[in-house]
Structures are given as C-alpha cells and as structure tokens.
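If you want the UniProt record's numbering, it's the 1-based position in the sequence shown plus 8.
Encoded as structure tokens, the structure appears first; notes follow it.
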Amino acid sequence: PELINQIAAGEVIERPSSVVKELVENSLDAGATRIEVDIEQGGARLIRVRDDGCGIAADELQLAVASHATSKIGSFDDLEHVASMGFRGEALASVSSVARFALTSRAQGQDTAFRIEVDGGKMQAARPAQHPQGSSVEVRDLFYNVPARRKFLRAERTEFAHIDDLLKSLALARRSVEFRLSHNGKPVRILKAARDEGAALQRVAEVLGEEFPQQSLRVDHAAAGLHLSGWVGLPTASRSQADSQYFYVNGRLVRDRIVAHAVRQAYADVLFHGRHAAFVLYLELDPAGVDVNVHPAKHEVRFREQRLVHDFLFRTLHEALAQTRA
Ligand code: ADP
Ligand code: MG
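Structure, rendered in structure tokens:
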C-alpha cells in the first residue's frame, strides 16, 4: 500500500501548494472558522495547517490517514459533491506517504487531544497530546523519500508564491473564515472573518490591492436560476491585472472558456478593452446545472446550459460596466 499511496501522491501532490490545498479544504469541510497556515522554506521544510473545526475522534485518527478513508460519503449522491472538493479519502494517505507527517486533533466535546505520526509510511499508535478543539496537520520534509520529486521543487520564493496565491483564492471563496499565513515565522497575511458587505470588500482589497475598491463596481443580479455577485474592476492601463481574476461557481474557483469569453466580451463591448481587468465574481446556480468533476485540479467545469450561462454573464456584466459610461 505504501507504493500505491506514493503513486497516488505523485498524481495529486505536485508541490507544497497542493498539500496546503488539501489540508485547508479539509479544515473548511470540518467547519473551521479560523485556519492558520505556517510555512517554512516554501513548504519544503514545513507545512502546518491548524484549524478550530470539529476535530477527529481518537479512534478515528488512524483511519483518517488510511487510504480511501473518507468520512464524507454518506450516500451515492454525495459522491459528486465530495469529488468536487478533493479526491475521496486519499489526501492524508498520499501526503503521509511522501513526508514526515503528524496529525493532532481534539474532537468536539472531548477533553483530550490525540496525536499520530507517520514516518516513511509507518504509523504510530495515537498518544495523548495538547490541542484545543480542532486539528493540526504537520507535513515536514515533503518528498524526502521521493528524491526525483524533491529535485523538482522550485525556489523557496516560487513555492511560497504558489501557496500564497492558493490561500488568496480560498480566502476570497470563504470570506467568513479567518485565515492566517506565515512564512519562516513571519506573518504574511492576516485575513479576519468578513461578516458584512464592507468587511467583504475589505478582504477583497487585501487580496487584490488597496486601490481595487475605488476602481471597481459592485455586481449583484439574479435571473433564470442564476445569481451573479461580486466586483468587476475597471481596466487600468498601468499594469496587468490578469492575475487578479477570480471567478467562483458555487464557491469553487473556476477557469472556464465560456466564462472567460462572456467576461471578455462584456468588457470589450463597453470599454473596448479589459482583458487585464481584475474581478472577483461569484456565480451561484443549482448544482444540477453544472458538472464540476470534469477536472477538479484544473478548475474546469461544464455547464449544462452553456448558452444560457454565457448570455446571463455577458448581459449582467455589460449592464454593470455600461454604468461607467453613463
Ligand atoms: P477526504 O477529505 O476526501 O475525505 P482526506 O484524506 O483529505 O479525505 O481526509 C480523510 C478524513 O480525515 C476526512 O474524511 C475527515 O474525516 C478527516 N479529516 C481530515 N482532516 C480533517 C480536519 N482538519 N478536521 C476534521 N477531520 C479531518
Ligand atoms: Mg480532503
């Protein structure tokens, strides 16, 4: 099983940010309101994710790290949902097979925390530990036992930038959760939970830059079972904002052809340019109207009614942007 886990790891764990993604998504699934991510040496030395979620019961700790150990599939219908968030009970097993791994957790309603360690695929028995309610996962020396992979890690700065980008996209998706990120012991981001519109825009500004609120328009429109909300930035000639384009479908970051086309058309039609405008947009629709399993890692989706979605996005954005010319 060790080799199988390592092979599985190779498919999903490309670099430190892939680990962070899986761990933070687990924390979000656990209902965390506060998630702390501590990184050392771009994640090559340490990735630690701490949350205040529901925790894991002592007798389920080992199981959580075993492969196919998801607690999240209650029925066949759930499969679709679970697949959208991760890869069904493989993340901890995979990560723990390619790093020195520790999981410490105190389950809700319990007064003792427990910790397990996995090193080189060998799992130790759970022993009592100190921890508030919630979980901490520590991943040290990623790929220490897979030299071919370790060799492909980029410069510390580059790997950390990937982690920061990922955290920004998650922080925009889940604005009511507090996120903290540190690198080599220094705080890099502190994003407090945003509970109202003003605080939400504040978080957007922290991620996209303080000038974004002045250069953007609020969008909020619903029709035909589709709801689009968020902020569209006005194109700025000065610098490329292509890195600051966030589009979420039912809470999930998406890079989609249909979406990109509709957005680009709306900008082009009203402002004649805008390929590089920043935006943060949230599309909500009936989950049955979108297939999110096309390729979870590539952020692809497939809308059942592509034309409808495209035209809705185009019209909504067109109308919003047209106000700037009024
Ligand atoms: P999946 O998320 O697909 O279920 P994982 O390997 O990521 O698979 O996690 C395995 C299981 O471990 C989860 O189903 C969950 O029960 C438990 N788990 C992992 N991380 C956490 C966490 N931060 N808080 C609570 N439970 C967790
Ligand atoms: Mg998971």
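Cβ atoms here follow ideal geometry from the backbone N, Cα and C, with glycine treated the same way.
Given that a residue counts as buried once 16 or more other Cβ atoms are within 10 Å of its Cβ, and exposed if not, what is residue i?
i, result
"Ala133", "exposed"
"residue 348", "Residue 348 is absent from the structure shown; the chain starts at 9 and stops at 334."
"Ala112", "Reading the sequence as shown, one finds Thr at residue 112 and not Ala. When all chains shown are included, Thr112 counts as buried."
"Thr166", "exposed"
"Arg182", "buried"
"Asp172", "buried"
"Glu30", "buried"
"Phe84", "Its pLDDT being 47, under 50, Phe84 is placed unreliably in this model, and the value from its coordinates should be taken loosely. Per the 10 Å Cβ criterion, exposed."
"Asp119", "exposed"
"His170", "buried"
"His303", "exposed"
"Ala38", "buried"
"Gln331", "exposed"
"Ala66", "buried"
"Gly50", "buried"
"Glu146", "buried"
"Glu88", "With a pLDDT of only 49 at Glu88, under 50, the local geometry of the prediction cannot be trusted, and the value read off the model is given with reservation. Classification of Glu88: exposed, given that the 10 Å Cβ count is below 16."
At the level of alpha carbons, what is the spacing between residue i and residue j?
i, j, result
"Glu98", "Ser75", "5 Å"
"Tyr254", "His269", "14 Å"
"Gln141", "Ala115", "6 Å"
"Ser35", "Arg148", "19 Å"
"His318", "Val267", "6 Å"
"Val212", "Ala285", "15 Å"
"Ala52", "Phe168", "10 Å"
"residue 337", "Pro24", "Residue 337 lies beyond the stretch modelled for the chain, which goes from 9 to 334, so this question has no answer here."
"Val20", "Asp60", "26 Å"
"Phe109", "Ala40", "21 Å"
"Val32", "Tyr256", "17 Å"
"Ser102", "Val126", "11 Å"
"His229", "Glu218", "25 Å"
"Gly129", "Tyr152", "12 Å"
"Phe220", "Arg333", "19 Å"
"Ile64", "Gln273", "48 Å"
"Pro195", "Lys306", "29 Å"
"Ser184", "Ile43", "11 Å"
"Ser144", "Arg323", "45 Å"
"Met131", "Ile124", "7 Å"
"Ala208", "Ala201", "8 Å"
"Glu327", "Gln222", "19 Å"
"Val240", "Gln314", "22 Å"
"Val262", "Gln138", "39 Å"
"Leu293", "Pro136", "45 Å"
"Leu100", "Gly117", "24 Å"
"Leu189", "Leu225", "29 Å"
"Phe287", "Cys62", "33 Å"
"Ser26", "Val227", "31 Å"
"Val300", "Gln210", "29 Å"
"Gly206", "Leu180", "14 Å"
What are the residues that DSSP puts in a beta bridge with residue i?
i, result
"Gly241", "Ser224"
"Phe187", "Ile43, Leu199"
"Val145", "Val57, Leu111"
"Ile124", "Leu111"
"Glu205", "Answer by DSSP bridge pairing: none, since Glu205 is not bridged."
"Ala231", "Leu234"
"Asp299", "Arg310"
"residue 395", "Here the chain has residues from 9 to 334 only, and residue 395 is not among them."
"Pro136", "Phe122"
Is it the case that the Cβ atoms of residue i and residue j are separated by a distance below 8 Å?
i, j, result
"Leu199", "Gly238", "no"
"Asp251", "Glu308", "no"
"Pro55", "Leu150", "A small fix is needed here, since residue 55 is Ile in this sequence, not Pro. Yes, these two residues count as a Cβ contact at 8 Å."
"Leu329", "Val271", "no"
"Gly297", "Phe320", "no"
"Val28", "Val106", "no"
"Ala232", "Leu291", "no"
"Phe187", "Arg203", "no"
"Phe122", "Leu69", "yes"
"Pro243", "Tyr275", "yes"
"Ser104", "Val73", "yes"
"Asn192", "Glu48", "yes"
Does any heavy atom of the ligand ZN sit closer than 7 Å to the C-beta of residue i?
i, result
"Asn192", "For the ligand ZN, the structure offers nothing, since it holds only the ligand ADP and the ligand MG."
Could you tell me whether any Cβ in chain B is nearer than 8 Å to the Cβ of residue i?
i, result
"Val147", "Chain labels in this structure do not include chain B; a single protein chain is all it has."
- request: Take every Cβ of the region 217-236, pair it with every Cβ of the region 150-166, and state whether three or more of those distances are shorter than 8 Å.
  value: no
message: Could you check whether the region 170-187 touches the region 211-229, counting it as contact only if at least three pairs of C-beta atoms, one from each stretch, sit closer than 8 Å?
response: yes
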